[in-house]
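The block underneath contains the structure these notes are about, expressed in structure tokens.
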Amino acid sequence: MTTLSAELTERSVEQLAGDAAPRDIFDELSKRAVRRALLTAIAVPGYQVPFSSREMPVARGWGSGGLQATLALIGADDNVKVIDQGEDAGVNATNLRRLIVGNAGCGEETETGLADVIQSRHRIPEEPLKDGQTLVLQVPVPEPLRGVVGSMDEQRRMHAEGDYAKMWVRLYEDIVRNGVVSHSADYPCLVNGRYVIAPSPIPRFDVPKLNDSEALVVLSAGREKRIYAIPPHTRVEPLTFEDVPFTVEHTEGAACVFCGSDDTYLIGVPEEDGTTRWVCSDTDWCSRHRPDDDTETETEGEVSR
Amino acid sequence: MSLTLHERAQYAGAPLASPAPAPAWTLSVRGLGKIYGDTSEESIAGTGPEFGTAVSPNTGAIVAAWGVDLDVAPGEALGVIGESGSGKSTVLRCIAGDEPATAGEMLFTDHGGSTERLDQLSPTERRRMRISDISVVYQDPALGLTMDVSAGGNVADPLTAAGWRNFGRIRSRATELLQRTEVPIARMDHPVKAFSGGMKQRVQIAKSLANDPSLLLLDEPTTGLDASVAAGVLDLMRGLLEETNVAAIVVSHDFSVIEMLTTRVIVMQHGRVVEAGLTDQLLEDPQHPYSQQLVAAARG
Chain R
1256 MTTLSAELTE RSVEQLAGDA APRDIFDELS KRAVRRALLT AIAVPGYQVP FSSREMPVAR
1316 GWGSGGLQAT LALIGADDNV KVIDQGEDAG VNATNLRRLI VGNAGCGEET ETGLADVIQS
1376 RHRIPEEPLK DGQTLVLQVP VPEPLRGVVG SMDEQRRMHA EGDYAKMWVR LYEDIVRNGV
1436 VSHSADYPCL VNGRYVIAPS PIPRFDVPKL NDSEALVVLS AGREKRIYAI PPHTRVEPLT
1496 FEDVPFTVEH TEGAACVFCG SDDTYLIGVP EEDGTTRWVC SDTDWCSRHR PDDDTETETE
1556 GEVSR
Chain A
2 MSLTLHERAQ YAGAPLASPA PAPAWTLSVR GLGKIYGDTS EESIAGTGPE FGTAVSPNTG
62 AIVAAWGVDL DVAPGEALGV IGESGSGKST VLRCIAGDEP ATAGEMLFTD HGGSTERLDQ
122 LSPTERRRMR ISDISVVYQD PALGLTMDVS AGGNVADPLT AAGWRNFGRI RSRATELLQR
182 TEVPIARMDH PVKAFSGGMK QRVQIAKSLA NDPSLLLLDE PTTGLDASVA AGVLDLMRGL
242 LEETNVAAIV VSHDFSVIEM LTTRVIVMQH GRVVEAGLTD QLLEDPQHPY SQQLVAAARG
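Chains as they are written, first to last, in our numbering: chain R, 1256 to 1560; chain A, 2 to 301.
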């Protein structure tokens, strides 16, 4: 007994956690803390696990949660892809990608199929994710009940007891007032038949991709210090009444002006003549699906909004 | 002599009639007690009507209710009357599960005949009972309703809690209930904060009936309404109690409410039941000096 505890106390931080000497933006012990929280999150799908969100070189609310999850998960042999609203070339996406690559020594990648970890703000890539990949979603507000009840005690009680009646009342009110469920992004979903989650402000279009996903989905809120996860092949159902089917965004006749796709998430760009030009939100996918384009061409940033 | 609180409660009230409860009762309460502060036995001595206080001289604890026995059968309404601070609302809150009782036994039997000891359920289970089996109409509509939500949405709340997931059916059930409680259907989709006091109470009653509860608890349902509106709400409640097979407990300090709605009544003073009987009999011939005083005051 004595020897064991002596052995434990004598082991240095280095022995326990590895050399912390190259003091990056994120030390090894903090990464371990995130990984521990993540293990709990995976074990209890949809449950919001509190974690010790550290100061990052990005402001809280600008992807600090996603950054910590990505840095805790990625290794030097991995490739990272970072997108902001589907775009690899956005300023924030580019800077986060550089920060991650510079600190983890990993490779950078824009092609969805080749990335090991995909950090994303508010989109899930069009190309179906595969087994072994991890999608890290940046989450501004992890609490789906925030708009329903103000008290955090009450929110926790409702999660603990699976009491989501007030959430359903909100959907009822929405249909009564607007004729449809007007929730466009961050649509509340029931994970594994147990916890209601905020899937981060992804469009409704992306919600069905969470169900029975091949890839692990990690949702991390740095400002709110909460991390939660959807393990591969987990049931994710958007909350919806039996007689009011869940619908995704779709504009009849709209197709991407570059690749011609009409089954992707499209963004309308208003033209001067009053018409709307539609372009793919996922720029990497778009650039690889143009009819007569050389797929090797670097097209980052070509499609701008 | 050392007794558990539960035993004390039994001594303080009438002894338990029989270990097996009469299945006829929807709710059977024995020795219900609620003490705020020191819950030890010392707190009980020196309180009650004979001492003229509910505050313990020994410990300073407030004995809000002690040794309360009551029974209510399906389709019957029981009145609880007493002045402010007599413990009647405390008794109701303990039955509703809004607060845990300090002592006592509460046997509840639902429509289907299954019996539960309310005092032994966890707070989670108590809340579950409140969805389908036990409903409360509060004096203050803000306690029973969500003010920003429409009348229909408030009625939808207990329905969704009970697992209703069909919008059309929820909507037609809410319409039916609001019609029954005489809320204009044209105002069904307006937030209840925009409603008058009487109409808020009608919405609260509609909500309380949503899942056909076995027990309805009415806490001063018409206090704060002006006389003509109160009369309308009372008429409605009398009709509903007659139509449905719900057991009701009506708490009020107003004899006219008790007289109109209930057949039996208990009178409370300083946390104790001082008299129990048939409502009309008690009103005609009150025995306890305090009841006589109450009746005299009501009859002016």
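Note that CB positions come from ideal geometry on N, CA and C, so glycine has one too.
Given the structure is predicted, the values throughout are model-derived calculations rather than measurements.
For a contact meaning CB atoms closer than 7 Å, what does residue i contact in chain R?
i, result
"Ile250(A)", "Residues of chain R passing the Cβ test: none, with the nearest at roughly 25 Å."
"Thr125(A)", "Glu1416"
Residues of chain A with CB closer than 7 Å to the CB of residue i, please, in chain order.
i, result
"Glu1363(R)", "Here the premise fails: no neighbours, minimum Cβ distance about 45 Å."
"Val1372(R)", "Neighbours of Val1372(R) on chain A: none; closest Cβ ~37 Å, over 7 Å."
Report the neighbours of residue i on chain R: residues whose CB is nearer than 8 Å to its CB, in chain order.
i, result
"Ala157(A)", "Trp1423, Val1424 and Tyr1427"
"Phe168(A)", "Tyr1427, Ile1430, Phe1496, Glu1497, Asp1498 and Val1499"
Report yes or no: is there a C-beta of chain A within less than 8 Å of the C-beta of residue i?
i, result
"Phe1501(R)", "no"
"Ala1420(R)", "yes"
"Glu1416(R)", "yes"
Would residue i count as contacting chain R if we go by Cβ distances under 8 Å?
i, result
"Asp190(A)", "yes"
"Ser151(A)", "yes"
"Gly154(A)", "yes"
"Arg131(A)", "no"
"Ala162(A)", "yes"
"Arg128(A)", "yes"
"Glu285(A)", "no"
Please check the pair residue i and residue j, which I expect to be a contact at CB under 8 Å, by giving their CB distance rounded to whole angstroms.
i, j, result
"Ser256(A)", "Ala299(A)", "For the record, residue 256(A) in the displayed sequence is Phe; it is not Ser. With a Cβ gap of about 4 Å, Phe256(A) and Ala299(A) count as contacting."
"Ile1297(R)", "Ile1329(R)", "The Cβ separation is near 17 Å, so there is no contact."
"Glu1416(R)", "Thr125(A)", "5 Å"
"Ala1370(R)", "Asn1334(R)", "5 Å"
"Gln218(A)", "Ile82(A)", "The question names Gln, yet the displayed sequence has Leu at residue 218(A). Contact doesn't hold; Cβ gap of about 15 Å is too wide."
"Pro1458(R)", "Cys1444(R)", "Not a contact, Cβ separation roughly 13 Å."
"Val156(A)", "Leu178(A)", "5 Å"
"Asp1343(R)", "Thr1365(R)", "4 Å"
"Val137(A)", "Ser209(A)", "7 Å"
"Ala1288(R)", "Ser1307(R)", "5 Å"
"Thr60(A)", "Thr54(A)", "Between Thr54(A) and Thr60(A) the Cβ distance is about 13 Å, and since that is not below 8 Å, they are no contact."
"Val1431(R)", "Asp190(A)", "5 Å"
"Pro50(A)", "Val275(A)", "6 Å"
"Gly302(A)", "Gly233(A)", "Given a span of 2 to 301 for chain A in the structure shown, any question on residue 302(A) remains unanswerable."
"Asp1339(R)", "Arg1290(R)", "Not a contact, Cβ separation roughly 25 Å."
Using the beta-carbon count (16 or more within 10 Å), is residue i buried or exposed?
i, result
"Gln293(A)", "exposed"
"Glu1526(R)", "exposed"
"Met2(A)", "Model confidence at Met2(A) stands at a pLDDT of 39, short of 50, so the residue's coordinates are unreliable; what they give is reported in the following sentence. Exposed: under 16 other Cβ atoms inside 10 Å."
"Ala46(A)", "exposed"
"Lys1(A)", "Beyond the ends of chain A as shown, which are 2 and 301, falls residue 1(A); an answer cannot be given."
"Glu1310(R)", "exposed"
"Ser197(A)", "exposed"
"Phe52(A)", "exposed"
"Leu1351(R)", "buried"
"Glu1269(R)", "exposed"
"Val1435(R)", "exposed"
"Thr1495(R)", "buried"
"Gly154(A)", "buried"
"Gln205(A)", "buried"
"Gly1345(R)", "buried"
Taking C-beta to C-beta, are residue i and residue j nearer than 8 Å?
i, j, result
"His289(A)", "Val268(A)", "yes"
"Leu1521(R)", "Val1534(R)", "yes"
"Arg1449(R)", "Gly1301(R)", "yes"
"Ala78(A)", "Leu262(A)", "yes"
"Thr1389(R)", "Val1473(R)", "yes"
"Leu1384(R)", "Ala1470(R)", "yes"
"Val1372(R)", "Ser1475(R)", "no"
"Pro1(A)", "Gln140(A)", "Here chain A comprises residues numbered 2 to 301, so residue 1(A) is not present and cannot be evaluated."
"Glu1492(R)", "Asn167(A)", "no"
"Pro1305(R)", "Arg1481(R)", "yes"
"Phe109(A)", "Glu100(A)", "no"
"Gly170(A)", "Val184(A)", "Before going on, a small fix: residue 170(A) reads as Arg here, not Gly. No, these two residues do not count as a Cβ contact at 8 Å."
"Ala102(A)", "Leu33(A)", "yes"
"Val64(A)", "Leu28(A)", "no"
"Ser151(A)", "Glu1428(R)", "yes"
"Thr1538(R)", "Gly1405(R)", "no"
Whose Cβ in chain D lies nearer than 7 Å to the Cβ of residue i?
i, result
"Ile171(A)", "Protein chains in the displayed structure are R and A, and chain D is not among them."
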